[in-house]
Amino acid sequence: MSLLTVKDLKLQFGGLLAVNDLSFTVEKNSISSIIGPNGAGKTSVFNMITGFYRPTGGEIELDGISLINKKPSQITKLGMARTFQNLRLFPNLSVLDNVKSGMHCRTKQAVWGALFQTKSQQEEERLIEKVALDCIEFVGITKNMKRSAKNLPYGAQRYLEIARALATKPKLLLLDEPAAGLNFEEKQYLIQLIRRIRDEFSITVLMIEHDMALIKEISEHITVIDYGWKIAEGTPEEVLKNEKVIEAYLGKEEVV
Amino acid sequence: MKKYKNQTLLLLIIALFILPFFLNSYWLDVLTLVLFYVVLTQGLNIVVGYTGLLDLGYAAFFAVGAYTTAILMTTFHWSFWLTLPVAFLFAVIAGVIIGTPTLRLRSDYLAIVTLGFGEIVKILATNLEITGSASGIYGIPRPAIGSYIMSTQKDFYYLILIVAILSIIAVYRLGRSRIGRAWIYIREDEDAAEAMGINRIRLKLLSYASGAVIGSIAGSIFAVKMSAIAPLSFSFLQSVMILLAVVLGGLGSIPGVVIGAVLVIVLPELLRGADDWRHLIFGVSLVAMMIFRPQGIWPSKNGTEDATDMDENGKSNDPNQSMSV
Amino acid sequence: MEIIFQILIDGLVIGAFYSLVALGYTMVYGIIKLLNFAHGDLYMMGAFIGFTFLSIFTGDGGVNTGLLGVGIVFIGTMVIVGLLGMGVERIAYRPLLLAPRLSILITAIGVSLSLEYTSMIGWGASYKVYPIILPNDGLQILGTQITFAQIGMILLSALLMLGLRLFIDKTIYGKAMRAIALDQTACSLMGVNVHQIIALTFFIGASLAAGAGIMSGIYYGTINFMMGFIIGLKAFTAAVLGGIGNITGAMLGGLVLGVIEAFGTFYFGGSWKDVLAFGILILFLVFKPTGILGAKEMERM
Chain A
1 MSLLTVKDLK LQFGGLLAVN DLSFTVEKNS ISSIIGPNGA GKTSVFNMIT GFYRPTGGEI
61 ELDGISLINK KPSQITKLGM ARTFQNLRLF PNLSVLDNVK SGMHCRTKQA VWGALFQTKS
121 QQEEERLIEK VALDCIEFVG ITKNMKRSAK NLPYGAQRYL EIARALATKP KLLLLDEPAA
181 GLNFEEKQYL IQLIRRIRDE FSITVLMIEH DMALIKEISE HITVIDYGWK IAEGTPEEVL
241 KNEKVIEAYL GKEEVV
Chain B
1 MKKYKNQTLL LLIIALFILP FFLNSYWLDV LTLVLFYVVL TQGLNIVVGY TGLLDLGYAA
61 FFAVGAYTTA ILMTTFHWSF WLTLPVAFLF AVIAGVIIGT PTLRLRSDYL AIVTLGFGEI
121 VKILATNLEI TGSASGIYGI PRPAIGSYIM STQKDFYYLI LIVAILSIIA VYRLGRSRIG
181 RAWIYIREDE DAAEAMGINR IRLKLLSYAS GAVIGSIAGS IFAVKMSAIA PLSFSFLQSV
241 MILLAVVLGG LGSIPGVVIG AVLVIVLPEL LRGADDWRHL IFGVSLVAMM IFRPQGIWPS
301 KNGTEDATDM DENGKSNDPN QSMSV
Chain C
1 MEIIFQILID GLVIGAFYSL VALGYTMVYG IIKLLNFAHG DLYMMGAFIG FTFLSIFTGD
61 GGVNTGLLGV GIVFIGTMVI VGLLGMGVER IAYRPLLLAP RLSILITAIG VSLSLEYTSM
121 IGWGASYKVY PIILPNDGLQ ILGTQITFAQ IGMILLSALL MLGLRLFIDK TIYGKAMRAI
181 ALDQTACSLM GVNVHQIIAL TFFIGASLAA GAGIMSGIYY GTINFMMGFI IGLKAFTAAV
241 LGGIGNITGA MLGGLVLGVI EAFGTFYFGG SWKDVLAFGI LILFLVFKPT GILGAKEMER
301 M
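Taken in order, these protein sequences are the chains called A, B and C.
Quick note on UniProt numbering: the first sequence kicks off at 1 and runs consecutively.
Quick note on UniProt numbering: the second sequence kicks off at 1 and runs consecutively.
Quick note on UniProt numbering: the third sequence kicks off at 1 and runs consecutively.
Written as structure tokens, this is what we have:
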């Protein structure tokens, strides 16, 4: 059964067609990927799914609910979380406070509770802290908990962004180039991490990635786009054999 | 450590309560003004310090409180205490009116729009009949508690002292709550905050309204303490002085902002005779502060504990800490 | 009908001042995305320095200064204030070029306060009477009296703006400015001396404001150390009206705002004209932040 359905998605910047009639689905509990050369429109697709860009046309549904015209925050609340291609952490805040942000949409204390430190407020604060600590532990950066995000090593910053996304308790997790800038060991760790996210939490994962080895290893379904068009989809084996894909990546002549 | 901190605070509060018995009326007045600024800076701290929205028209909310109380007490003969909830309500309305159309704007546009709104409020106060035009409203009655009429300097000192303490507690608690954290997330990275499920427009409005309410309470008390108000007290310069106190002390830092309020009020008093120079000194110190110590005198640590040796740059103080917009 | 024409002329004169000040705003904004709050105060500085020059230039307080004398005062003042603008950029803004927006905005407010109160200490807080009395003769057009002074000011403003337009379109410096506005990093990689060009932008912006300052001193007759505050806001409004970062837009925005204000003053009274201007500013920022001439820019993440 599909968790995310994208149908005839279109995005136009002025005269430039960034995404054109794109349709694909993401199956529940799968690890899926979108690949394509630089500038193919992958991040634009993510930005439309998460509500940061308004599509020019088409339909996006999460678990049967339309996401069109919804704000990013509403979409997160419906059960979708994301990371960013160029890390977007809260740089001056501690790791713990960064992750606590994810729980905002799952809790509801307002000004009143904060001012009078009501019982329900304190219970909720404990819950927020517990979930945050669990997420931090899950990605393995507990020892850095009180450091500010900007002072973490690069790899840990990537894991922190994932922990923060997990704290929103998503059904679907979107990772925008999670392996960018990671070294070999860190990539291996990331692969484990993505598998555990799916297996232990039953969270569906959709990612954009350039690292083919990584994609081949964990991705079950791939959608390939180029110049905003879908040019292929299927299992990694099918897709990587596809001529159009090879052409898009390497150019025509070199295929010979 | 924490216990020690609490004891110091307690001593400080006791000292503030007995201080009026040792001060002459001049310094008691200065101290009262400091406390007004403590309240105002706490309110602005929510907006600029926590949420990172530069508000250059904050004095408008101070005016809303002062004029609401003054008009209700003189024209309609209300009791002071009954005017407070109305001032509260008007402040929220004013905050929402200013906020709704402007909060989608980029930070520098927002700054200039708030400045424009601040000027509009001042022009309205100067030209409308109900606000007494340029001469303002005078003969505002004294507030009464039961049959006791508050009229001495000390009465108002204690009133504003209590409000200052309450506002510090409120801003402290808000800052450590789900709402306060959301404000800080917005300051740190608006888009990332939105992606984390934080409705930025709603929270920015809440930040505006909260700051407005605190400013308006200060205004209400200001009206009855002075017993006369005029548009001049709510000028752009007033907004700038409040902002200066927040920036000097340290954006988002409660102790820092209190220190800022003390400096902005007490320094000019110490520099009496150099009156002409005080605004120039303030202007230069704003520039110098931003260049050399943008995090303020007592910066907020945002709950981080970075060991200096772990720092990549070998610097423990990031010059732009807590100031991302 | 005559009245409407009269108002239009008054509006155009004031609008020309707004345009000149708005140009500095828009150029600086276009090139480094900084809202130079202190820009209106450079206009004020221009008015005061011009005032001082005129006063010393002739023993009789400048009353009989000839056209040549006034011309020299104009140029001298524009150069000095231009250098002042460069100094402000060098001391206050350049160290913060990469700092968060909030820091640099606060710095700009600090600069504004510093300039205002330097002027207050130097020249005093009271209004100063400009030492030039304009001759009242002029032309009768469509039954309306237009003084030569008004014509002169509109012409001079037009000349300055035309000069700027040519400078930006035709010279290598103008090209560098436009390039920096697009991509500062790329420019420094291509060997453009970015700091120098930014300094030049401040120089030009400040001297245009100074020119407007002297003209308004002559036109209104009195000056005061706070005169830059409101005009700064108005000029910003004009810049936004025309599309911020757009040179032609700033010129147009200033004239449009001047005329709207002149009519507003006529119909609603002088005390409400500022409300009108700020109302326009807010409406434009909210509903059409790109202004009349600004292109639609797509916000990218």
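Cβ coordinates follow ideal geometry from the N, Cα and C atoms, glycine included.
At a cut-off of 4 residues, the continuous stretches assigned as alpha helix (DSSP H) that sit fully inside the segment 50-120 of chain B are 59-74 and 80-102. For B/I179, the enclosing alpha helix (DSSP H) begins and ends at R178 to E188.
Residues of the same chain with a CB within less than 7 Å of the CB of C/D10, apart from the 5 flanking positions on each side, are A262 in chain order.
Contact residues of the segment 126-145 of chain A toward chain B are I128 (C-beta to C-beta distance below 8 Å). Nearest C-alpha to A/E129 among A/R158, A/A167 and A/R88: A/A167. In the structure shown, the three-state DSSP call for A/A167 is coil. Residue contact with chain A for B/I198: present (Cβ-Cβ distance below 8 Å to some residue of chain A). Less than 8 Å divides the Cβ of B/F80 from the Cβ of B/V224.
Annotation: C/I244 to C/L34 spans about 11 Å, alpha carbon to alpha carbon.
Residue pairing of B/Y138 in beta bridges, as defined by DSSP: B/A228. Under the three-pair Cβ rule at 8 Å, the segment 98-110 of chain C does not count as touching the segment 263-279 of chain B. Sequence-distant Cβ neighbours of B/T74 in its own chain, meaning closer than 7 Å and more than five residues away, are I137, G139 and I140. Within chain C, L35 and F236 have C-beta atoms less than 7 Å from the C-beta of B/I112, given in sequence order.
For the pair B/I214 and B/A70, the CB atoms are not nearer than the 8 Å cut-off. Secondary structure note for A/T223: its beta strand (DSSP E) is the uninterrupted segment H221 to D226.
Taking C-beta separations shorter than 7 Å and ignoring five residues to either side along the sequence, C/Q140 has no partners in its chain.
Excluding residues up to 5 positions away in sequence, L233 and T237 lie with their Cβ nearer than 8 Å to the Cβ of C/F278 in the same chain. Scanning C/V286, C/G291 and C/L293 for the CA closest to the CA of B/S107 turns up C/V286. Assignment of C/N246 by DSSP, reduced to helix, strand and coil, places it in the coil class. In the assembly as shown, B/M196 is a buried residue. Its beta-carbon has 16 or more other beta-carbons within 10 Å. Nearest neighbour of A/I49 by Cα position, chosen from A/N38, A/T83 and A/N29, turns out to be A/T83. In its chain, beyond the 5 residues on either side, A239, G242, I244, G245, N246, I247, G249 and A250 have a beta carbon closer than 8 Å to the beta carbon of C/T26. Between B/F90 and B/S216, the CB-CB gap stays under 8 Å. Per DSSP, reduced to three states, the secondary structure at A/S30 is coil, with no helix or strand assignment.
Residue environment: B/P299 is assigned as buried (16 or more neighbouring CB atoms within 10 Å of its CB, all protein chains considered). Here A/V139 is not near A/A114, since their CB atoms are 8 Å or more apart.
For B/T8, the three-state secondary structure derived from DSSP is helix. Its chain contains R164, A167 and T168 as the residues whose beta carbon lies nearer than 6 Å to that of A/G102, once the 5 sequence neighbours on both sides are disregarded; these appear in chain order. At least 8 Å separates the CB of B/L9 from every CB of chain A.
At a beta-carbon threshold of 9 Å, the residues of chain A lying near B/R173 are A114, L115, F116 and Q117, ordered along the chain. The C-alpha of B/G256 lies about 8 Å from the C-alpha of B/V246.
Around the beta carbon of C/G124, a 10 Å sphere encloses fewer than 16 other beta carbons of the protein chains shown; the residue is thus reported as exposed. About 11 Å separates the CB atoms of C/S207 and C/G76; that is not less than 8 Å, and the two are not in contact. By the criterion of a C-beta distance shorter than 6 Å, B/V262 is surrounded in its chain by V34, once the five residues flanking it on both sides are discounted. Contact of B/Y185 with chain C is not assigned, every C-beta pair being separated by 8 Å or more. When the five nearest sequence neighbours on each side are left out, the beta carbons in the same chain lying within less than 8 Å of the beta carbon of C/Y117 are those of F225, in order along the chain.
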